[in-house]
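Here's the structure, in structure tokens; my notes come after.
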Amino acid sequence: MTLTDQQQINSIFQNQKSFFATRKTQSVSFRIEQLKQFRAVFVKHTDAICDALMEDLGKNRKEAEYAEVQLVLDELDYCIANIEEWAQPVEVPSKPRPGGENVVSKLTRQPFGVTYIIGPFNYPVQLTFSPLIGALMTGNTVILKPSENTPTVSKVIASMIAEAFQPEYVAVVQGGIEENTLLLTFPFDYIFFTGSANVGKIIMAAAAKQLIPLTLELGGKSPCIVHRDADLDLAAKRISTGKWANCGQTCVAPDYVYVHEEVKGALISKIKSYLKETYQDQSLGKIGKIVSRKQVENLAGYIAAAPEKLVYGGGYALESRYFEATLMDDVNWEDAVMQQEIFGPILPFLSYSNIDEALNEINGRPKPLALYVFSENQAFADDVLNRTSSGDAEINSTLIHVGSHFLPFGGVGASGFGKYHGKFSFETFSHLRAVLQIKK
Numbered sequence: 001m002t003l004t005d006q007q008q009i010n011s012i013f014q015n016q017k018s019f020f021a022t023r024k025t026q027s028v029s030f031r032i033e034q035l036k037q038f039r040a041v042f043v044k045h046t047d048a049i050c051d052a053l054m055e056d057l058g059k060n061r062k063e064a065e066y067a068e069v070q071l072v073l074d075e076l077d078y079c080i081a082n083i084e085e086w087a088q089p090v091e092v093p094s095k096p097r098p099g100g101e102n103v104v105s106k107l108t109r110q111p112f113g114v115t116y117i118i119g120p121f122n123y124p125v126q127l128t129f130s131p132l133i134g135a136l137m138t139g140n141t142v143i144l145k146p147s148e149n150t151p152t153v154s155k156v157i158a159s160m161i162a163e164a165f166q167p168e169y170v171a172v173v174q175g176g177i178e179e180n181t182l183l184l185t186f187p188f189d190y191i192f193f194t195g196s197a198n199v200g201k202i203i204m205a206a207a208a209k210q211l212i213p214l215t216l217e218l219g220g221k222s223p224c225i226v227h228r229d230a231d232l233d234l235a236a237k238r239i240s241t242g243k244w245a246n247c248g249q250t251c252v253a254p255d256y257v258y259v260h261e262e263v264k265g266a267l268i269s270k271i272k273s274y275l276k277e278t279y280q281d282q283s284l285g286k287i288g289k290i291v292s293r294k295q296v297e298n299l300a301g302y303i304a305a306a307p308e309k310l311v312y313g314g315g316y317a318l319e320s321r322y323f324e325a326t327l328m329d330d331v332n333w334e335d336a337v338m339q340q341e342i343f344g345p346i347l348p349f350l351s352y353s354n355i356d357e358a359l360n361e362i363n364g365r366p367k368p369l370a371l372y373v374f375s376e377n378q379a380f381a382d383d384v385l386n387r388t389s390s391g392d393a394e395i396n397s398t399l400i401h402v403g404s405h406f407l408p409f410g411g412v413g414a415s416g417f418g419k420y421h422g423k424f425s426f427e428t429f430s431h432l433r434a435v436l437q438i439k440k
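Numbering (the working numbering) for the sequence shown: 1 to 440.
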């Protein structure tokens, strides 16, 4: 990065501080106008977005429109319709004063100021623009850094932002580690990061030096528990849908399946059948591309470390970055595939006979971003949720909660902290200010 690049980034930051100081973003009508303008630009670039997602990640048009485009549009429409209500002060009860004065207490929401949003590669449109919507509807300015691992998408994002906004309001900085390291030296008012836990630690350490509040959306090994009374046809379909979306590169994908020993063989058989029916041409990339050759090699290493446990798939092409939907059976916690989040289309199976033992194993490890349980017994499912901790959870389904702007999305512990989507984004990107007034 040249000195000129550093000066340009510094100029963007200083201009945004100056623009925020004008208080123009305090106007709710201004925020609504800007988000409507962004929506029009977003719709205009739908084809470019989908083409870029195919180029970088091998996402077919249907998946790109559903998981990236439509979720952003839904979030925009929902937030635009509700900003005015959410921005209103809320009067709360007041503690009586001994002198009998009239006390009024209320809660107000204030924007933080200049925010920094760091987007990931796996859903580079949705997971970059969804927090952007949250930051803008609360009156902040934003510097965006899309992922360098999806360069085609990042170029489209930069083009869209330049068309929709003035740089003193929203600007994109392209680049990788060097640019991010520089940006983390600036005194931002809020940071929002989506990505790996290792990078999240770097972001948090940099924020701590300047006491910058932040949200970390990380990941982890999200377990999927299948009990012996589960509807196995349903489980096979929904586990497969959740696991192989985006070629397994989803932060809330089922990372592994903990299945009761009485039904493990039947479940694996049904998943194999589902894969054969749904992804017949998967070797040609129907389930998408892995983001990099290095990650393909990492995934291949899991299989190479325990080839006897491979029961389906396992094929890959280094140059094209394609990797087959893959199943591994009789896996244990010592296997390489269980040491960290897989982030790819490999699904390991572990078995249990006593749910207590399975839950002890899960609870003895870092808290995951999501937890899934399949059972026809409501009491059993509730018991599993009550005895575990995860960012979010689903019963008899996977991934669906991520698309709801009525539910908060986010992690706990090692899987991150902070929630967003819909009104929860409004709360995340604004400071809750208590105001008390004594009236005569």
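Yeah, the Cβ is synthetic: ideal placement off N, Cα and C, and Gly gets one too.
Shortest Cα-Cα distance from I133 to any of E427, P345, A434 involves E427. A Cβ-Cβ separation of about 40 Å leaves S11 out of contact with L436 under the 8 Å criterion. In the three-state reduction of the DSSP assignment, L216 falls in the strand class. V199: member of the alpha helix (DSSP H) spanning 197-209, first to last residue. Under the three-state reduction of DSSP, F193 is assigned to strand. P93 counts as exposed, since fewer than 16 other C-beta atoms from the protein chains shown sit within 10 angstroms of its C-beta. By the beta-carbon neighbour count (other beta carbons within 10 angstroms, threshold 16), G301 is exposed. Using a Cβ distance threshold of 7 Å, L232 and A266 count as a contacting pair.
For the pair D335 and A306, the CB atoms are nearer than the 7 Å cut-off. Taking the Cα positions, L275 is about 13 Å away from V311.
Around the beta carbon of Y66, fewer than 16 other beta carbons lie within 10 angstroms, which makes this residue exposed. With fewer than three CB-CB distances shorter than 8 Å, the stretch 50-68 does not count as touching the stretch 187-197. Of the candidates K423, N180, A434, K423 places its Cα closest to the Cα of I80. In this structure, the alpha-carbon of P408 lies about 6 Å from that of H421.
Following the DSSP letters along the chain, one finds S105 inside the beta strand (DSSP E) bounded by residues 102-111.
The alpha carbon of I118 has as its nearest neighbour, out of I157, R109, N332, the alpha carbon of I157. A distance below 8 Å between beta-carbons, with the five flanking residues on each side excluded, links L359 to the following residues of its chain, in chain order: V384, R387, T388. Leaving aside the five residues that flank K36 on each side, the residues in its chain whose CB is nearer than 7 Å to its CB run, in chain order, I80.
Excluding sequence positions up to five before and after P120, its CB lies within less than 7 Å of the CB of L127, S147, T194, G195, all in the same chain and listed in chain order. By the C-beta density criterion, V43 is exposed, having fewer than 16 other C-beta atoms within 10 angstroms. When secondary structure is reduced to three states using DSSP, Y279 falls in the coil class, being assigned neither helix nor strand. Closest in C-alpha terms to K264, from the list D74, T185, P348, P213, comes P348. DSSP places T2 outside both helix and strand once states are collapsed to three, so it counts as coil.
Runs of alpha helix (DSSP H) with 4 or more residues, each lying fully within the stretch 232-303, are found at 232-244, 264-278, listed in chain order.
Sequence-distant Cβ neighbours of K155 in its own chain, meaning closer than 6 Å and more than five residues away, do not exist here.
Among the bridge pairs identified by DSSP, R433 is matched with T108. Listed as beta-bridge partners of M160 by DSSP are no residues whatsoever.
Closest option to E324, judged by alpha-carbon separation, among Q249, L432, Q6: Q249. Inclusion of T150 and P111 in the CB contact set at 7 Å is not warranted, their separation being larger than that value.
Shown here, L359 sits in a helix according to DSSP, grouped into three states. Between the C-alpha atoms of P131 and I355 there is a straight-line separation of about 37 Å. Residues A253, P254, L347 of the same chain have their beta carbon placed closer than 6 Å to that of K243, with the five preceding and five following residues left out of the count. DSSP, reduced to helix, strand and coil, places T141 within a strand of the structure shown. Under the DSSP assignment, L347 falls in the beta strand (DSSP E) whose first and last residues are 346-352.
Looking at the DSSP output, E394 bridges to Y372. Taking all protein chains shown into account, T185 has fewer than 16 neighbouring C-beta atoms within 10 Å of its C-beta and is therefore exposed.
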